[in-house]
Amino acid sequence: MDLAQRMGLSDTQVKTWYQNRRYVLLFSAIFFHTFFSLFFSAIKQTIYS
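Numbering-wise (full-length UniProt numbering), the sequence shown opens with residue 1 and increments by one.
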C-alpha cells in the first residue's frame, strides 16, 4: 500500500514533507558543524595561549 494513501495525504504532500525534512536535517548538520568548529577553536586558543 502506498504511504500517501495510508497517511491519508496526497503524493505531493508526502513529497513536500520529505523535502522539508531533508532541508531541516541539512541545515542542522551545517549549523552544528560550524558551531562545534568554532567552539573547539576557541578551546584550543584558550589552552595554548
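Each residue gets a CB set at the ideal place from its N, CA and C atoms; glycine is no exception.
Item to check | Range covered by the alpha helix (DSSP H) that runs through residue 11 | outcome: Segment 11-48, the alpha helix (DSSP H) holding residue 11.
Item to check | Alpha-carbon spacing of residue 16 relative to residue 48, whole angstroms | outcome: 48 Å
Item to check | Residues near residue 44 in its chain [Cβ-Cβ closer than 7 Å; skip 5 each side] | outcome: none
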